[in-house]
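> Residue numbers (the working numbering): 7 to 215.
This is the structure I have questions about; it appears just below.
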């Protein structure tokens, strides 16, 4: 319960959870269905900021540990999809699972193929379900591992280091962390908005055909 009490305040959550808490959150968001609601991008950027501002976290340990969490998370999602297959699509919606999110990841996968494992890292919700879809589609495991490692390093590295260098280069940013979080959240929603707008346009064109 204490975890949920801190969830609305990322700075408090990071200081409370430390490395272990961050590892669990990143792993859950990338590998488990119920992790889709967890704050990924904003959490990583804020963790990088804190590493720069007060050295509560070491940026090298932080980045390495969370890269491992992201890679392990996607591997778990792939295993779930591979072993349980299409049955997942028949699972009823619940507070922790929405079939629509899985279908959205499937459309993303059909459009971008294996590169989805890298690209989806930067798209909230889709990144949670993309490895599961890859497992359902029986993507060659060696190919999945390659894109999984590349995507995990690219996502965690870019987010954590962005926050870290913001903290190092901009004086007084520690008093404006909430604004940084808001900007990161808004930017992370841009890909979802663009996909939604494109899908809406295609649906409208299809209805007029």
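Each residue gets a CB set at the ideal place from its N, CA and C atoms; glycine is no exception.
Along the alpha helix (DSSP H) that carries residue 117, what are the first and last residues, could you check?
Residue 117 -> alpha helix (DSSP H) spans 105 to 118.
> How about residue 20 and residue 53: do their beta carbons lie closer than 8 Å?
Cβ distance < 8 Å, so residue 20 and residue 53 count as in contact.
> When the distance is taken between beta carbons, is residue 163 closer than 8 Å to residue 36?
In this structure, residue 163 does not lie closer than 8 Å to residue 36 by Cβ.
> Can you confirm whether the region 69 to 84 touches the region 155 to 174 when touching is taken to mean that 3 or more C-beta pairs between the two stretches lie within less than 8 Å?
These segments touch.
> Which class does residue 130 belong to by DSSP, given the choice of helix, strand or coil?
Residue state, collapsed to three classes: coil.
> Using the three-state DSSP reduction, which class does residue 89 fall into: helix, strand or coil?
Three-state DSSP puts residue 89 in a helix.
> Secondary structure at residue 61, three-state DSSP: helix, strand or coil?
Note: residue 61 maps to coil in three-state DSSP.
> Under the three-state reduction of DSSP, which class applies to residue 165: helix, strand or coil?
Reduced to three states, the DSSP call for residue 165 is helix.
> Just to confirm my understanding: we take residue 24, look at its own chain, exclude 5 residues before and 5 after, and list those with CB closer than 7 Å. What are they?
Taken in chain order, the list of residues that qualify is empty.
> So residue 151 and residue 87 are supposed to be a Cβ contact under 8 Å. How far apart are they, rounded?
At roughly 15 Å, the Cβ-Cβ gap does not stay under 8 Å, so residue 151 and residue 87 are not in contact.
> Starting from residue 282, trace the alpha helix (DSSP H) both ways and give me its first and last residue.
The question about residue 282 has no answer here: the residues shown for the chain are numbered 7 through 215.
> Can you name, in chain order, every residue of its own chain whose Cβ lies under 8 Å from the Cβ of residue 172, other than the five neighbours on each side?
For residue 172, where only same-chain residues beyond five positions count, the Cβ hits under 8 Å are 51, 54, 55, 58, 179, 186.
> Rounded to the nearest angstrom, what separates residue 124 and residue 43 at their Cα positions?
If you take the alpha carbons of residue 124 and residue 43, they lie about 20 Å apart.
> In terms of residues, what are the limits of the alpha helix (DSSP H) holding residue 125?
It spans 122 to 125 - the alpha helix (DSSP H) in which residue 125 sits, taken as one unbroken run.
> Using the C-alpha atoms, what's the distance from residue 194 back to residue 110?
Rounded to the nearest angstrom, the two C-alpha atoms are 16 Å apart.
> Taking DSSP as the reference, what is the three-state secondary structure of residue 146?
Here residue 146 sits in coil by DSSP.
> Quick one: residues in its chain with C-beta nearer than 6 Å to the C-beta of residue 108, no 5 flanking neighbours on either side, listed in chain order?
Here the set comprises 135.
> Taking a contact to mean a Cβ-Cβ separation below 8 Å, would you say residue 120 touches residue 149 in this structure?
Yes, these two residues count as a Cβ contact at 8 Å.
> Just mark residue 80 as buried or exposed, buried being the case when its beta carbon has 16 or more other beta carbons within 10 Å.
Classification for residue 80: buried.
> Rounded to a whole number of angstroms, what is the C-alpha to C-alpha distance between residue 39 and residue 133?
Each residue's alpha carbon lies about 10 Å from the other.
> Mapping DSSP to helix, strand and coil, what is residue 220?
One cannot answer for residue 220 here, as it falls past the ends of the chain, which runs 7 to 215.
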